[in-house]
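Q: I'd like to ask some things about the structure below.
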Amino acid sequence: MQRILIIEDERDLAELLAFNLRQAGFAATLAHDGALGLSEALTHPPDLIILDLMLPGLLGTEVCRRLRQEPATIGVPVLMLTARGEEIDRVVGFEVGADDYVVKPFSVREVVLRVKALLRRSGEPHPEGKPLQIGALAIDTERHVVTVDGAAVELTTLEYKLLLTLVERRGRVQSRDSLLQDVWGYHYAGDTRTVDTHITRLRTKLGSAGDLIHTVRGFGYKLETP
Ligand code: CA
37 MQRILIIEDE RDLAELLAFN LRQAGFAATL AHDGALGLSE ALTHPPDLII LDLMLPGLLG
97 TEVCRRLRQE PATIGVPVLM LTARGEEIDR VVGFEVGADD YVVKPFSVRE VVLRVKALLR
157 RSGEPHPEGK PLQIGALAID TERHVVTVDG AAVELTTLEY KLLLTLVERR GRVQSRDSLL
217 QDVWGYHYAG DTRTVDTHIT RLRTKLGSAG DLIHTVRGFG YKLETP
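37 is the number of the first residue of the sequence shown in our numbering; add one for each residue after it.
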């Protein structure tokens, strides 16, 4: 059974989410402040984390940043609960690293649907589960480890998903819109420059393997096998 950790200080809301997630067939664990939620996530990594932005103790953005730095939770999808007007781009972008967000007030049904969609996205099987090797670049899809010439490359969850998407569709041009949809999610309200920003960072981090990613002017990107 997949387990969802809910980090939310509004207890009624947390209970309501937990109840509905259990109805949908998930196990649910609750934490009512940021620091406790973070330590629970690190000691018992769940399959997905629902994380409120405004939390006592440690803000959701800070919790999320730390989750992204820890090997135990780096690949765990994070669905952020935000209030209207909070900086969505920052939350879902590389600065904080959440995978998705919903704006309060939300329908619980919507949250359950997003949870299912995120789990589907993160659980997509990769062929054979052995490292993918493209030139100097190797991706261990089981452990989410990327190396270039044998040296580990630290990527954010979004950068990793972006790279994996390009690798799985190598040789085929991907439009900025389709990358936004597939990597960030269909409802993501940001613009396509977000894709450019992440590609630039990804290329830099990949060093010599960054050249594998080609820009297709006016359209998008393509990863080419050397
Ligand atoms: Ca709150």
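Note that beta-carbon positions come from the ideal geometry of N, C-alpha and C, so glycine has one too.
1. Ligand 1 and Leu41: does the residue's C-beta get closer than 7 Å to at least one heavy atom of that ligand?
2. Once the 5 residues before and after Glu106 are set aside, which same chain residues still bring their CB inside 7 Å of it?
3. How would you label Met116, buried or exposed, when you count the other beta carbons within 10 angstroms and need 16 or more for buried?
4. Taking all protein chains shown into account, decide if Phe255 is buried (16 or more other Cβ within 10 angstroms of its Cβ) or exposed.
5. Is any heavy atom of ligand 1 found at a distance shorter than 7 Å from the C-beta of Met37?
6. Nearest by alpha-carbon distance to Gly93: which of Ser75, Thr118, Lys152 is it?
7. Does the count of Cβ pairs from the region 231 to 245 and the region 190 to 202 closer than 8 Å reach three?
8. Does the pairing of the region 199 to 215 with the region 139 to 151 give three or more beta-carbon distances under 8 Å?
9. Could you tell me whether the region 38 to 48 touches the region 87 to 102, using the rule of 3 or more Cβ pairs below 8 Å?
10. Please list, in chain order, all residues with a C-beta atom less than 6 Å from at least one heavy atom of ligand 1.
11. Starting from Val138, follow the beta strand (DSSP E) in both directions and report where the run begins and ends.
12. From Arg145, Ile175, Asp135, pick the residue whose C-alpha is nearest to that of Ser338; which is it?
13. Of the residues Arg179, Thr183, Thr177, Thr97, which one's Cα is nearest the Cα of Gly171?
A: Reading it off the structure:
1. It does not: the Cβ of Leu41 is nowhere closer than 7 Å to a heavy atom of ligand 1.
2. Leu78
3. With 16 or more other Cβ atoms within 10 Å, it is buried.
4. exposed
5. Flag unset: Cβ of Met37 not near ligand 1.
6. The closest CA to that of Gly93, considering only Ser75, Thr118, Lys152, is found on Ser75.
7. yes
8. no
9. yes
10. Asp45, Glu46, Asp88, Met90, Leu91
11. 136 to 140
12. The chain is shown from 37 up to 262; residue 338 falls before or after that span and cannot be answered.
13. Thr183
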